[in-house]
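K.L.:
Residue numbers (this note's numbering): 433 to 839.
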């Protein structure tokens with residue numbers, strides 16, 4: 433599939449076409465040549481669609497790839513079942529967190545629904561000594577790095593700024609500022625290279641973040657200093673309400689060429705292909721061959737966050753088309769067809785997922801309530817009259833609820 437701007441496909445109108453006789457002349461001579469050249473270019477563009485690395489079709493059929501098969505040649509049936517378990521439990525946790533937000537237990541939640549394969553495949557490709565810089569949606573990667581799911585929820589409840597020690601799992605705290613983690617990852621990678629370590633760094637961001645200046649600066653620094661960093665872009669087709677067509681005129685993975693390092697587009701709903709491509713990128717980074725960009729072609733099935741309404745900017749038939757490529761269903765079909773899993777495996781996993789959901793519910797409800805007035809602290813070092821006024825107004829607003837209850 434090719435992501436191409438509508439504007440990029442339309443030939444420019446000649447200036448002379450706006451006037452009477454001059455426009456007729458242009459249309460009859462120069463305009464004809466221009467139209468011919470444009471049509472030829474369009475035909476060439478359509479015949480060179482970006483290569484999509486895929487090892488499992490949406491029907492679960494295993495397909496070969498001469499370049500990347502070697503990176504998953506040793507994957508056993510038990511490991512395939514493990515990848516399936518990772519995706520199912522991650523989706524169950526995500527669904528529980530979404531429900532808790534709707535019930536008022538969390539202030540906000542960014543769902544990963546539909547992106548499980550991209551996160552689990554890439555997360556399982558990392559080594560223990562690699563370092564991960566996430567955004568705020570990498571719940572599946574956090575799972576792979578051994579971060580307890582309940583630790584991801586404190587920030588979204590407003591009771592802490594992260595909830596885990598980044599050095600404990602080499603998994604950085606979630607980053608809310610769009611794109612800044614790409615620079616953090618590049619700087620960290622430059623540091624470990626100077627230390628002589630053979631580990632690598634991976635930075636996650638979305639298609640919308642690829643338009644941020646921080647990401648371009650990170651690409652440039654990483655290329656110039658040959659930093660051992662992998663840039664992993666989850667292209668879920670929508671940057672909140674802006675589609676890919678309004679983000680880029682070329683496929684995102686091709687941006688790497690302009691900075692001097694390789695880029696690959698992988699089927700982000702194919703956990704096996706994502707595992708293979710990420711292993712390739714991390715291994716070359718550890719060998720000192722510099723950065724790489726992976727564009728995981730996937731889809732955000734839910735809202736951008738729980739404050740978003742995707743029905744305002746996209747059609748239901750679009751989601752339906754992507755649901756047919758569901759990453760979990762795809763691997764299940766493969767497991768069943770290859771006789772790598774039976775009904776008892778799926779039944780036990782269903783029970784495990786329900787137990788996880790219960791644990792998450794209980795953990796969140798056991799958390800303290802957030803301090804409603806903390807938002808007014810640390811705004812100014814020495815205080816400010818306007819902040820004091822706003823704090824007093826908010827206190828009166830909160831007190832009004834107590835008065836209503838007492839009536």
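Glycine included, each C-beta is placed from N, C-alpha and C at the ideal position.
Which class does residue 666 belong to by DSSP, given the choice of helix, strand or coil?
P.N.:
As a position in the chain shown, residue 666 is number 234, starting the count at 1. Strand at residue 666.
K.L.:
In whole angstroms, give me the CA-to-CA distance for residue 774 and residue 636.
P.N.:
Indexing the chain shown from 1 puts residue 774 at position 342. Indexing the chain shown from 1 puts residue 636 at position 204. Roughly 34 Å between the two C-alpha positions.
K.L.:
Tell me the DSSP secondary structure of residue 834 in three-state form.
P.N.:
For the purposes of this step, residue 834 is taken as the residue at position 402 of the chain shown. Here residue 834 sits in helix by DSSP.
K.L.:
Can you find at least 3 beta carbon pairs, one from the region 666-680 and one from the region 517-527, that sit closer than 8 Å?
P.N.:
Because the criterion of three Cβ pairs below 8 Å is not met, the region 666-680 and the region 517-527 do not touch.
K.L.:
Would you call the region 646-654 and the region 607-623 in contact, with 3 or more CB pairs under 8 Å?
P.N.:
As far as the Cβ criterion goes, the region 646-654 touches the region 607-623, which means the pair count is three or higher.
K.L.:
Which residues in the same chain as residue 675 place their Cβ atom closer than 7 Å to its Cβ, once the five residues preceding and following it in sequence are excluded?
P.N.:
Within the chain shown, the letter at position 243 stands for residue 675. Hits under 7 Å: 669.
K.L.:
In the DSSP output, what is residue 697 paired with across the bridge?
P.N.:
Taking the first residue of the chain shown as 1, we reach residue 697 at position 265. DSSP lists 727 as partners of residue 697.
K.L.:
Taking the alpha-carbon positions, what's the residue 823 to residue 795 distance?
P.N.:
Here residue 823 is taken as the residue at index 391 of the chain shown, counted from 1. Here residue 795 is taken as the residue at index 363 of the chain shown, counted from 1. Whole-angstrom Cα-Cα distance: 30 Å.
K.L.:
Output yes or no for whether 9 Å exceeds the beta carbon distance between residue 642 and residue 689.
P.N.:
Here residue 642 corresponds to residue number 210 of the chain shown, with the count starting at 1. Here residue 689 corresponds to residue number 257 of the chain shown, with the count starting at 1. For residue 642 and residue 689, no; Cβs fall outside 9 Å.
K.L.:
If you compare alpha carbons, which of 507, 533, 482, 513 is closest to residue 776?
P.N.:
One-based indexing of the chain shown puts residue 776 at position 344. For residue 776, the nearest C-alpha among the options comes from 513.
K.L.:
DSSP has residue 637 in a bridge; who is on the other side?
P.N.:
For the purposes of this step, residue 637 is taken as the residue at position 205 of the chain shown. According to DSSP, residue 637 bridges with 665.
K.L.:
Give me the DSSP bridge partner(s) of residue 671.
P.N.:
The residue labelled residue 671 in the question sits at position 239 within the chain shown. Bridge partners of residue 671: 674.
K.L.:
Which whole-angstrom value is the C-beta distance of residue 554 and residue 664, which I expect to be below 8 Å?
P.N.:
Sequence index remark: in the chain shown, residue 554 carries index 122 (1-based). Sequence index remark: in the chain shown, residue 664 carries index 232 (1-based). Correct: roughly 6 Å between the Cβ atoms.
K.L.:
Do you know how far the Cα of residue 712 is from the Cα of residue 505?
P.N.:
The sequence position of residue 505 within the chain shown is 73, counting from 1. The sequence position of residue 712 within the chain shown is 280, counting from 1. The straight-line gap from Cα to Cα measures roughly 13 Å.
K.L.:
Please report how far the alpha carbon of residue 753 lies from the alpha carbon of residue 585, in whole angstroms.
P.N.:
Residue mapping note: residue 753 aligns to position 321 of the chain shown, counting from 1. Residue mapping note: residue 585 aligns to position 153 of the chain shown, counting from 1. Distance between the alpha carbons of residue 753 and residue 585 is about 31 Å.
K.L.:
Rounded to whole angstroms, what is the Cα-Cα separation between residue 510 and residue 833?
P.N.:
Here the question's residue 510 lines up with position 78 in the chain shown. Here the question's residue 833 lines up with position 401 in the chain shown. Whole-angstrom Cα-Cα distance: 55 Å.
K.L.:
Using a Cβ-Cβ cut-off of 6 Å (strictly less than) and excluding sequence neighbours within five positions of residue 468, which residues of its own chain qualify?
P.N.:
By one-based count along the chain shown, residue 468 stands at place 36. Per-residue confidence for residue 468 stands at a pLDDT of 40, beneath the threshold of 50, marking its modelled position as unreliable; the derived number appears in the next sentence. Nothing meets the Cβ criterion.
K.L.:
In chain order, what residues of the same chain lie with their CB nearer than 6 Å to the CB of residue 550, ignoring the 5 residues before and after it?
P.N.:
Locating residue 550 in the chain shown gives position 118, counting from the first residue. Excluding residues within five positions, the ones whose Cβ falls inside 6 Å are 666, 700, 706, 728, 730.
K.L.:
Our contact map puts residue 604 next to residue 564 with C-beta atoms below 8 Å; I'd like the distance itself, whole angstroms only.
P.N.:
Translated into positions along the chain shown, residue 604 becomes position 172. Translated into positions along the chain shown, residue 564 becomes position 132. So it is a contact: roughly 6 Å between Cβ atoms.
K.L.:
In whole angstroms, give me the CA-to-CA distance for residue 757 and residue 633.
P.N.:
On the chain shown, residue 757 is found 325 positions in, with the first residue counted as 1. On the chain shown, residue 633 is found 201 positions in, with the first residue counted as 1. So the two alpha carbons sit approximately 29 Å from each other.
K.L.:
At what residue ranges does the region 536-579 contain a whole run of the alpha helix (DSSP H), taking only runs of 4 or more?
P.N.:
Complete alpha helix (DSSP H) runs here, min 4: 548-555, 571-576.
K.L.:
With respect to the alpha helix (DSSP H) encompassing residue 797, which residues constitute its N-terminal and C-terminal limits?
P.N.:
Mapped onto the chain shown, residue 797 falls at position 365. Residue 797 -> alpha helix (DSSP H) spans 775-798.
K.L.:
Whole angstroms are fine: how far does the CA of residue 815 sit from the CA of residue 684?
P.N.:
As a first step, residue 684 must be located in the chain shown, where it is residue number 252. As a first step, residue 815 must be located in the chain shown, where it is residue number 383. Taking the straight line joining both Cα atoms gives about 45 Å.
K.L.:
At the level of alpha carbons, what is the spacing between residue 597 and residue 606?
P.N.:
Against the chain shown, residue 597 aligns to sequence position 165. Against the chain shown, residue 606 aligns to sequence position 174. Going by the C-alpha atoms only, they are around 11 Å apart.
K.L.:
Assuming the contact rule is C-beta atoms closer than 8 Å, residue 487 and residue 788 should be a hit. Round their C-beta distance to whole Å, please.
P.N.:
Residue 487 sits at position 55 when you count from the first residue of the chain shown. Residue 788 sits at position 356 when you count from the first residue of the chain shown. Not really, about 28 Å apart at Cβ, beyond 8 Å.
K.L.:
Between the Cα of residue 724 and those of 496, 621, 734, 593, spot the shortest distance and give me the residue it belongs to.
P.N.:
Your numbering for residue 724 matches position 292 in the chain shown. It is 621 whose Cα lies nearest to the Cα of residue 724.
K.L.:
Would residue 800 be called buried (16 or more neighbouring beta carbons within 10 Å of its own) or exposed?
P.N.:
As a working mapping, residue 800 is identified with position 368 in the chain shown. Answer is exposed; the Cβ neighbour count stays below 16.
K.L.:
Report yes if the CB atom of residue 766 is closer than 9 Å to the CB atom of residue 492, and no otherwise.
P.N.:
Position 334 of the chain shown, counting from 1, holds the residue named residue 766. Position 60 of the chain shown, counting from 1, holds the residue named residue 492. The answer is yes: Cβ separation under 9 Å.
K.L.:
Distance, Cα to Cα, residue 456 vs residue 742?
P.N.:
Translated into the one-based positions of the chain shown, residue 456 becomes position 24. Translated into the one-based positions of the chain shown, residue 742 becomes position 310. Annotation note: pLDDT 38 at residue 456 (below 50); position unreliable, coordinate value reported separately. About 46 Å.
K.L.:
Spatial neighbours of residue 736 within its chain, please: CB distance less than 6 Å, with the 5 preceding and 5 following residues excluded, ordered by chain position.
P.N.:
Here residue 736 refers to the residue found at position 304 when the chain shown is read from its first residue. Within the same chain, residue 736 has close Cβ partners 672.
K.L.:
Report all residues from its chain with a CB closer than 6 Å to the CB of residue 508; omit the five preceding and five following residues, and keep chain order.
P.N.:
In the chain shown, counting from the first residue as 1, residue 508 sits at position 76. Contacts found: none.
K.L.:
Just to confirm the assignment, what range does the alpha helix (DSSP H) spanning residue 598 have?
P.N.:
Here the question's residue 598 lines up with position 166 in the chain shown. Run containing residue 598: 598-601, per the alpha helix (DSSP H) assignment.
K.L.:
Assuming contact is defined by CB atoms lying nearer than 9 Å, are residue 557 and residue 566 in contact in what I supplied?
P.N.:
Taking the first residue of the chain shown as 1, we reach residue 557 at position 125. Taking the first residue of the chain shown as 1, we reach residue 566 at position 134. No, Cβ-Cβ distance for residue 557 and residue 566 is not below 9 Å.
K.L.:
Name the residue from 650, 739, 537 whose alpha carbon lies nearest to the alpha carbon of residue 722.
P.N.:
In the chain shown, the residue the question calls residue 722 occupies position 290. Taking only the C-alpha atoms, the option nearest residue 722 is 650.
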